[in-house]
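Student: In this text, residue positions in the sequence shown follow the working numbering: the first is -11, and each later residue adds one.
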Amino acid sequence: MSHMPSSPSQSRREQARRRAGEFPAPPEPLAVDVFDSHTHLDLTVQEAVLAGETADPVEALITAAAKAGVDRIVQVGVDEPSSRWGAELAARHPSVVAAVALHPNEAPLLSDLDESLRVIEALSALPRVRGIGETGLDTFRTGEEGRAAQEVSFRAHIAIAKRYGKALIIHDRDAHEDVLRVLDEEGAPDTVVMHCFSGDAAFAAECVRRGFNLSFAGTVTFASAGRLREAAALTPADQIMVETDAPYLTPVPHRGRPNASYLIPLTVRSLAETRGGDVDDLCAAISANGERVFGPWR
-11 MSHMPSSPSQ SRREQARRRA GEFPAPPEPL AVDVFDSHTH LDLTVQEAVL AGETADPVEA
49 LITAAAKAGV DRIVQVGVDE PSSRWGAELA ARHPSVVAAV ALHPNEAPLL SDLDESLRVI
109 EALSALPRVR GIGETGLDTF RTGEEGRAAQ EVSFRAHIAI AKRYGKALII HDRDAHEDVL
169 RVLDEEGAPD TVVMHCFSGD AAFAAECVRR GFNLSFAGTV TFASAGRLRE AAALTPADQI
229 MVETDAPYLT PVPHRGRPNA SYLIPLTVRS LAETRGGDVD DLCAAISANG ERVFGPWR
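(1) If we call anything under 8 Å between Cβ atoms a contact, is residue 252 one with residue 24?
(2) Can you list the alpha helix (DSSP H) stretches of 4 or more residues lying completely in the segment 79 to 131, in chain order?
(3) Just curious, the beta strand (DSSP E) that residue 201 is in, first and last residue?
(4) Are residue 122 and residue 91 touching if we call contact CB-CB under 8 Å?
(5) Look at the alpha carbon of residue 103 and the alpha carbon of residue 96, and state the distance between them as a whole number of angstroms.
(6) Please work out which residues of its chain come closer than 8 Å, Cβ to Cβ, to residue 213, disregarding the five sequence neighbours upstream and downstream, and give them in chain order.
(7) Could you check what DSSP says for residue 189 in three-state terms: helix, strand or coil?
(8) Going by beta-carbon coordinates alone, are residue 183 and residue 26 separated by less than 8 Å?
(9) Say yes only if the C-beta of residue 140 is nearer than 7 Å to one or more non-hydrogen atoms of the ligand GTP, and no if none qualify.
(10) Does the beta-carbon of residue 55 have 16 or more other beta-carbons within 10 angstroms, so that it is buried, or is it exposed?
(11) Would you mind listing the beta strand (DSSP E) stretches within the segment 178 to 263 that are 3+ residues and don't spill past its ends, in chain order?
(12) Counting beta carbon pairs with one atom in the segment 270 to 278 and one in the segment 218 to 238, are three or more of them shorter than 8 Å?
(13) Would the segment 243 to 250 count as touching the segment 258 to 270 if we require 3 or more Cβ pairs under 8 Å?
(14) Is residue 33 helix, strand or coil by DSSP?
(15) Reducing DSSP to helix, strand and coil, say where residue 26 ends up.
(16) Indicate the three-state DSSP secondary structure (helix, strand or coil) for residue 62 in the structure shown.
(17) Taking just the CA atoms, how far does residue 66 sit from residue 105?
(18) Using DSSP with H/G/I as helix, E/B as strand and the rest coil, what is residue 52?
(19) Confirm, please, whether the CB-CB distance from residue 116 to residue 79 is below 8 Å.
(20) Could you name the residues of the same chain whose beta carbon sits closer than 6 Å to that of residue 286, not counting the 5 residues immediately before and after it, in chain order?
(21) Might you give, ordered along the chain, the residues of its own chain that have their beta carbon closer than 7 Å to the beta carbon of residue 142, omitting 5 neighbours on each side?
(22) From the DSSP secondary-structure annotation, give me the bridge partner or partners of residue 160.
(23) Expressed to the nearest angstrom, what Euclidean distance is found between the alpha-carbon atoms of residue 284 and residue 99?
(24) When you compare only the Cα positions, how much space is there between residue 198 and residue 107?
(25) Out of 131, 134 and 176, which has the shortest C-alpha to C-alpha gap to residue 151?
(26) Tell me the DSSP secondary structure of residue 13 in three-state form.
(27) Drop a sphere of 10 angstroms on the beta-carbon of residue 128, count the other beta-carbons inside from all chains shown, and report buried for 16 or more, exposed for fewer.
(28) Whose C-alpha, out of 238, 258, 282 and 260, is nearest the C-alpha of residue 12?
(29) Helix, strand or coil for residue 176 per DSSP?
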């Protein structure tokens, strides 16, 4: 049965409240710093107060990440409030750059999609806003009646990314062929990031051929994620990224608990094992990709 979702920001905040107080212990830090290509700090701070945290939970999360070898963060918006919040944080914090957008499941719920897109476009002009996303298509949570609005929104975000020369960050859930169709029809921006890559090796090869960057989340560590590991294994070093999508998609062995950028080392080490390479070399490649895609943080 088709269905319309609740607002992504509302449903995610409800999940955050349910899981508060369950952050895992920090893993062994990485020797070579990397960046988190996709996180939601505004939602992560609602999960819990980290052990020993100061009165500022955002600063505590950023500090915990840096101690783990994750020295840069891309804060990603899903609606007008989170996009404004991220842009403001990036403007005052040297470790953070922002991405702004209307989540594909948000677009069908808006009373005035055009006005919300105008807000996103205004934020896109800011120098510390380096990405347009997460945008894209999602046929898992949005039924047929909402998909036209999703596609209108996606096309508008593609245009904004090209107009301002920013990376396009794509949310693709159960919509691989349609995502590629829309990108082909509109013309993809110079820089595309497939957030939380969820396809198989064949789809990965197609994205790689098109020059897209593939960002892998904690899902790649799951026992059931063999096809993701196959995709990660064939992704060239200069097109691979790593992310948390925090506070979601926590890597093994902490699956089901809140995620945060300081847990990136677990995913990076899993990727290195999958690819049969050195962890430090992979970290160096990921770090270089971050600077190429999002520009210098400082």
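We put the CB at the ideal spot given by N, CA and C, even for glycine.
Tutor: Well, looking at it:
(1) Contact annotation: residue 252 and residue 24 have beta-carbon atoms nearer than 8 Å.
(2) If you keep only unbroken alpha helix (DSSP H) runs of at least 4 residues inside the segment 79 to 131, you get 101 to 112.
(3) For residue 201, the uninterrupted beta strand (DSSP E) run begins and ends at 201 to 204, by DSSP.
(4) Yes. Within cutoff.
(5) Going from the Cα of residue 103 to the Cα of residue 96 covers about 13 Å.
(6) Cβ-Cβ distances below 8 Å link residue 213 to 207 in the same chain, with the five nearest sequence neighbours on each side left out; the list follows chain order.
(7) Residue 189 falls in the helix class under three-state DSSP.
(8) It is a contact, given that the beta carbons lie within the stated cut-off.
(9) Summarising the ligand content, the structure contains no ligands, and the ligand GTP is consequently not present.
(10) The C-beta of residue 55 has fewer than 16 other C-beta atoms within 10 Å across all chains shown, which makes the residue exposed.
(11) Listed in chain order, the complete beta strand (DSSP E) runs (minimum 3 residues) inside the segment 178 to 263 are 180 to 182, 201 to 204 and 228 to 230.
(12) As far as the Cβ criterion goes, the segment 218 to 238 touches the segment 270 to 278, which means the pair count is three or higher.
(13) The count of Cβ pairs closer than 8 Å, one atom from the segment 243 to 250 and one from the segment 258 to 270, stays below three, leaving the stretches out of contact.
(14) Residue 33 falls in the coil class under three-state DSSP.
(15) Of the three classes helix, strand and coil, the one that applies to residue 26 here is strand, per DSSP.
(16) Three-state result, residue 62: strand.
(17) Rounded to whole angstroms, residue 105 to residue 66 spans 12 Å at the Cα level.
(18) In this structure, residue 52 counts as helix in the three-state DSSP scheme.
(19) Using a Cβ distance threshold of 8 Å, residue 79 and residue 116 count as a contacting pair.
(20) If we look at residue 286 and ignore the five residues flanking it on each side, its Cβ neighbours are 82.
(21) Leaving aside the five residues that flank residue 142 on each side, the residues in its chain whose CB is nearer than 7 Å to its CB run, in chain order, 92, 123, 124, 125 and 170.
(22) Residue 160 pairs with 125.
(23) The alpha-carbon separation between residue 284 and residue 99 amounts to approximately 37 Å.
(24) The alpha-carbon atoms of residue 198 and residue 107 are separated by roughly 30 Å.
(25) Comparing Cα-Cα distances from residue 151 to each of 131, 134 and 176, the minimum goes to 176.
(26) Reduced to three states, the DSSP call for residue 13 is coil.
(27) If you draw a 10 Å sphere on the C-beta of residue 128, you find fewer than 16 other C-beta atoms in it, and that means exposed.
(28) Looking from the CA of residue 12, the closest CA among 238, 258, 282 and 260 belongs to 238.
(29) Looking at residue 176 - three-state DSSP - the assignment turns out to be coil, as it is neither helix nor strand.
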